[in-house]
Amino acid sequence: MKKEMSFKVAIIPLLAMIVVMTFAVVVLDQGPHIPLIFGTSVAAIVAWRMGFKWHEIEEMMYQGIRLALPAVVIIILVGLTIGAWIGGGIVATMIYYGLKLISPSVFLVSITFICAIVSLAIGSSWSTMGTIGVAGMGIGLSMGIPAPMVAGAIISGAYFGDKMSPLSDTTNLASGLTNTDLFVHIRHMLYTTIPGLVIALIAYGVMGMKFGNQGMDAASIQNTLIILQESFVISPFLLLIPVFVIILVAKKVPAIPALIIGITLGFLAHLVVQGGSLSSAVSALQSGFTMNTGNETVDSLFNRGGIDSMMYTVSMTIVAMTFGGILEKSGMLNAIVKQILKVVKTAKGLIVSTIVSCFATNASCSEQYISVVIPSRMYASAYREKGLHSKNLSRALEDGGTLTSVFIPWNTCGVFILGTLGVHAFEYAPYAVLNFVVPIISILYGLTGITISRLDDEEYLQVKEKNQERSQVV
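Residue 352 in numbering that gives the first Met the number 0 sits at position 353 of the sequence shown, with consecutive numbering throughout.
Structure below.
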């Protein structure tokens, strides 16, 4: 017989995972796979002790993995895209013209703005980072700008568009789960996201001034340009491929077929434009592009991509979602959130708790979608009871869930960024300005009441009547 899940029992797997994760990552300098497997084992034992049968626990893990399967497919396709676009000379062309046209002092601002526009148009931070972001890393590193700083600017721009685009899955998810009109939800997010973007751009402008004042090594950049010309056929016509893919997604072509078309075009460019062999083109898709120019910086930029490069990310995603699946489906997360709601007494505390819960869900369940789904379920009635409009909840879900997912190394977003941009979450975290500033702004709004919308008297009475009807049914 299943026992009721208490807070003290529910918190055990989470604490066990955090302790082991901290020791493994910080002390042993190891990856998060084993700690997550350990946390999954503890969660399974706790669920078993609480009355769940083993086949039920297995099903919880499988349900968690199923939730991540769309992300796994995208991860694999991004690995193929990177390999195809490097082999086809597309990335080299973007880097070449980027080095020629963009000044180092304004590069961080420029790449943030470009990624924001692209992501806003296509509604996907992952697709933006896997295409424009890869080229942006190459340009920034060639200019001598530290990789974590470049990655932070790319992430800030990509997540601005992902959060604000009506095409974004998380934006539609947050509005749909809270029964908030999509465009009402987006307009309400402007109050936190626009100030966050302005602060981020100012910060990147100040960071960029340092590189402009130093005067970049012109000889080094010129040497990089020469190597690119010698190693690839550089042509502005190759830029039509990423433009075409962006247009496809903006026209609401699903991400998977759009990426497949981009991969195919990159593959053909490798054969036709670059004159590569069929064997080398296929190898770039499987194990990544390889070249040896003697220039360590250039080689590190282009020796990457392919399915194999994404297997670390795929395995991390699967392992993380087994842990998250047990926590959610066994009721452990529900027990934890219920305990939080017992402590929260005011509307101000409710908004802060929502944002903190979203971040905690990102850390425990390792998936930004779950960080939107679970708190939306748990907090919806509490917002209604306190007379708060649903758009406050939908905004808090995105501010606390969508944006903070990048800070967790074992979250699917943190793992994806490591596999795509090659920078660890702990390294780029201080530079992903938008992603940590927006939650802070949202918390300040919650504490002060600024931009917090309440239900009018008629709406509040309707909510009370619905709650009374529910209680009578129960």
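All residues carry an ideal CB built from backbone N, CA and C; glycine is no exception.
Residue i: first and last residue of the uninterrupted alpha helix (DSSP H) it sits in
| i | result |
| --- | --- |
| F266 | A254 to V271 |
| F37 | H32 to R48 |
| E397 | Per DSSP, E397 belongs to no alpha helix (DSSP H) and is neither H nor E. |
| N171 | D168 to L176 |
| I75 | W53 to G86 |
| V371 | Q367 to E384 |
| L387 | Note, L387: premise wrong, no alpha helix (DSSP H); not H, not E. |
| P235 | Looking at the DSSP string, P235 is not in any alpha helix (DSSP H), and its letter there is neither H nor E. |
| A15 | F6 to T21 |
| T92 | I89 to L100 |
| G413 | T411 to L420 |
| E327 | M310 to K328 |
| S286 | From DSSP, S286 is part of no alpha helix (DSSP H); its letter is neither H nor E. |
| L239 | L239 to A249 |
| F425 | A424 to Y427 |
| D307 | Segment: none, D307 is in no alpha helix (DSSP H) and carries neither H nor E. |
Counted within 10 angstroms of its Cβ, other Cβ atoms place residue i as buried (16 or more) or exposed
| i | result |
| --- | --- |
| P147 | buried |
| Q367 | buried |
| V388 | Note that residue 388 corresponds to His in the displayed sequence, not to Val. The residue in question, H388, is buried, as its Cβ has 16 or more Cβ neighbours within 10 Å. |
| S276 | exposed |
| D180 | exposed |
| S5 | exposed |
| N361 | buried |
| S102 | exposed |
| H54 | exposed |
| K162 | buried |
| T345 | exposed |
| T401 | buried |
| E3 | exposed |
| L100 | exposed |
| D28 | exposed |
| K390 | buried |
| G532 | There is no way to answer for residue 532, as the model of the chain reaches only from 0 to 473. |
Nearest candidate by alpha-carbon position, reference residue i, set the options
| i | options | result |
| --- | --- | --- |
| A428 | P256, A150 and L239 | A150 |
| Y61 | S375, L326, T401 and S356 | L326 |
| A67 | Y203, F322, L140 and I113 | F322 |
| V41 | S352, A15 and Y430 | A15 |
| I144 | F210, I439 and P438 | F210 |
| M310 | L13, P12, A70 and F51 | A70 |
| S109 | G156, S118, V72 and Y95 | G156 |
| K337 | I373, G274, I64 and R186 | I373 |
| S314 | V8, I56, F51 and V72 | V72 |
| S278 | G86, K251 and G330 | G86 |
| Y158 | F435, I245, I74 and I369 | F435 |
| T192 | L446, I240 and I439 | I439 |
| A395 | I246, E384 and T353 | T353 |
| V318 | E3, F301, K250 and G30 | G30 |
| Q285 | D307, G448 and L446 | D307 |
| G287 | V77, G63 and I33 | V77 |
| H269 | G413, A254 and T289 | T289 |
Backbone CA spacing between residue i and residue j [nearest angstrom]
| i | j | result |
| --- | --- | --- |
| S123 | S380 | 30 Å |
| T80 | G261 | 7 Å |
| V183 | P165 | 11 Å |
| L35 | V432 | 28 Å |
| F231 | T92 | 8 Å |
| I335 | I10 | 7 Å |
| Q221 | G139 | 14 Å |
| V19 | F37 | 8 Å |
| I89 | M59 | 42 Å |
| G207 | T21 | 33 Å |
| M480 | K328 | For the chain, the structure presents residues 0 to 473; residue 480 sits outside this window and is missing. |
| V281 | F266 | 8 Å |
| G160 | V272 | 32 Å |
| L98 | S234 | 14 Å |
| T411 | M320 | 9 Å |
| I94 | G135 | 7 Å |
| L237 | G348 | 52 Å |
| T169 | I185 | 11 Å |
| L172 | I116 | 21 Å |
| E305 | S299 | This sequence places Gly at residue 305; Glu is not what is there. If I take the Cα positions, the gap works out to 15 Å. |
| R376 | R383 | 12 Å |
CB-CB length for residue i against residue j, believed under 8 Å
| i | j | result |
| --- | --- | --- |
| G82 | A283 | 4 Å |
| I153 | G132 | 4 Å |
| Y203 | T316 | Rounded, the Cβ-Cβ distance is 30 Å, inconsistent with contact. |
| L454 | G386 | 5 Å |
| V342 | T223 | Actually they are not in contact, since the Cβ atoms of V342 and T223 sit about 56 Å apart, beyond 8 Å. |
| S174 | S393 | 5 Å |
| S404 | S370 | 6 Å |
| S365 | I416 | Their Cβ separation, rounded to whole angstroms, is 14 Å, which puts S365 and I416 out of contact at 8 Å. |
7 Å Cβ cutoff, residue i in contact with chain D
| i | result |
| --- | --- |
| V45 | The displayed structure is made up of one protein chain only, and chain D is not part of it. |
Residue i CB to nearest heavy atom of the ligand NAP below 6 Å
| i | result |
| --- | --- |
| I138 | By its list of ligands, the structure shown contains no ligand whatsoever, and the ligand NAP lies outside what it can speak to. |
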